[in-house]
Amino acid sequence: MIRVSPWGEFEKIFFFLGALGRDMVRITIPEWHHVSTERKEELWKLVKLRFEGLIEEHMENTLQHIGYLWKCSKSRLRTKIKIAHEKGWSDDKINSDLKPEAVDLVDWLAFRKEAESSTCIVKSNKYKELRSKNKLAHTMSRKGYARLEEEMRVRSGGVDVTRADLWIEAHKNKKGRPHSDEIARVVEKINECQMRSSTSTSQSINKDPIAQVFGPEHQGRVRGLGFGVTPTSVRATTQSSILVRKLQGDFQRLEEKHEQLAELVRSQQMPPSSRQQQNNPPNLRGKKCKIFDWLCTSKLVGEGEIETDDPMHLVDGIPIGGGMYGSVGQLGVGNAILIIVQFCVAGIIVMCLDELLQKGYGLGSGISLFIATNIYETIIWKAFSPMMINAGRGPEFEGVVIALFHLQALLWWL
């Protein structure tokens, strides 16, 4: 449950509000709604001066609490006056010991007259009888539901507190158990309803476990959430809470996508050698390899040893380049590997070249080897001729640049 109130980090304000109401509002005013608007605005200004971070949305709730605490202070004074009479105190002793310093004598005497009237005594006895019939009294003393809820939220790491959990906590004794048998039976019913209720149901004050156990609320009130909370405010804040959680989830997903894009940009801005070092499997130098005809993968055309897979390695002043590895231990399309050819099947490579020339893929007799990637083609070397490749094994094969296509030799020319 989210409250539009200044509790939480502003918990100390609670103690300030009571003193402010007692000092600034006359004790002879019968009800809080009789206090003038000008006086209430003055109270709000003083609260904002005392505590930073309060916003206008806190004003109504704050003034309600001032009124509530002011009313409670008057009730405690009436009780003290009643007890003083029962003890046989004199008028002078009552005035000297019970009159608040902020209240002048005229207002105090007027308040005493009202507190000692038969009307007030009858009303006091009526409410005393009603309190005696309350079998579900809470154990929070003067803490209140709002501050208890904030304490529970802090203990749970910021998780929202349900009305059912709050009610149960407010009716425990110091040992953490229900403080009466009647409350224990109610708690058992609430727990049963919680087990049956879905998440959406437990958030609705009309269908949550408290509503199922106690029935419909009194008009304008919400049981188990404390002073000042109304059904309208609960529905509004619940919807706000759902919206906030949705926005937080959307924002987190956007942050993750942004980080992925930023990582992609950083990888593209890195030098090719750095990217190759990050993606290449280690220790390829010296690995033995077999070279197959790329038109017919069953034809072995040579064997060799990997000299380097550094894309910045120069052959006739030109970097051999290269693409990315598909996965560790497996060469992906477009990786440039400089292979020292140690064995070649004479005539097979030439035959393959002749087949390609006949199909119109090449122009002229000058042979160039290309690196084929899924993005572009890069000319690697133009130093060979068909006759040199046809010569069989020999020193002319040293330094042949092969672009591996899943361990198949890829030869291209102009």
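Count along the sequence shown from 1, then add 3; that gives the number in this note's numbering.
We treat Cβ as the ideally placed atom computed from N, Cα and C, and that holds for glycine.
Quick caveat, the model's predicted, so the values are computed rather than measured.
Quick one: what's got a C-beta closer than 6 angstroms to Met62's C-beta in the same chain, skipping five residues either side? These residues qualify, in order along the chain: Trp47.
Can you tell me whether Asp107 is buried or exposed? The criterion is at least 16 other CB atoms within 10 Å of its CB, across all chains shown. Label assigned to Asp107: exposed.
Residues in the same chain with beta-carbon distance under 6 angstroms from Leu101, minus the five sequence neighbours each way, listed in chain order, please. Excluding sequence neighbours, Leu101 sits near Lys83.
Ala22 in three-state terms, based on DSSP: In the three-state DSSP reduction, Ala22 falls in the helix class (H, G or I).
Quick one: grab the DSSP three-state call for Ser120. Secondary structure of Ser120 (DSSP, three-state): coil.
Give a yes or no on contact between the segment 182-196 and the segment 145-152, applying the rule of three or more CB pairs nearer than 8 angstroms. No, the segment 182-196 is not in contact with the segment 145-152.
Cα-Cα, which of Pro103, Asp168, Val38, Gly56 is closest to Ala22? Of the listed residues, the one whose Cα sits closest to Ala22 is Pro103.
Specify the secondary structure class of Lys175 as computed by DSSP and reduced to three states. DSSP places Lys175 in strand when its eight states are reduced to three.
Report yes if the C-beta distance between Val125 and Trp73 is below 9 angstroms; otherwise report no. No, Cβ-Cβ distance for Val125 and Trp73 is not below 9 angstroms.
Spell out the partners DSSP gives Pro212 in its beta bridges. Bridge partners of Pro212: none, in fact.
Using DSSP's beta-bridge definition, name the partner residues of Pro33. Pro33 pairs with nothing; no bridge assigned.
Count the other CB atoms, across all protein chains shown, that sit within 10 Å of the CB of Arg115; report buried if there are 16 or more and exposed otherwise. Arg115 comes out buried.
Excluding sequence positions up to five away, which residues of its chain have a Cβ less than 6 angstroms from the Cβ of Lys43? Answer for Lys43: Leu66, listed in chain order.
Rounded C-beta distance between Gly70 and Trp92? I'm assuming under 8 angstroms. About 30 angstroms separates the beta carbons of Gly70 and Trp92, which is beyond the 8 angstroms limit, so they are not a contact pair.
Is it buried or exposed for His68, if we count other Cβ within 10 angstroms and need 16 for buried? With a threshold of 16 other beta carbon atoms within 10 Å, His68 meets it and is buried.
What are the start and end residues of the alpha helix (DSSP H) that includes Leu70? Residue identity check: residue 70 is Gly in the sequence provided, not Leu. Looking at the DSSP string, the run of the alpha helix (DSSP H) that includes Gly70 is 62-89.
Just list the residues that DSSP pairs Pro181 with in beta bridges. Bridge partners of Pro181: Lys175.
Got a sec, what are the start and stop residues for the alpha helix (DSSP H) Trp47 sits in? Secondary structure note for Trp47: its alpha helix (DSSP H) is the uninterrupted segment 40-53.
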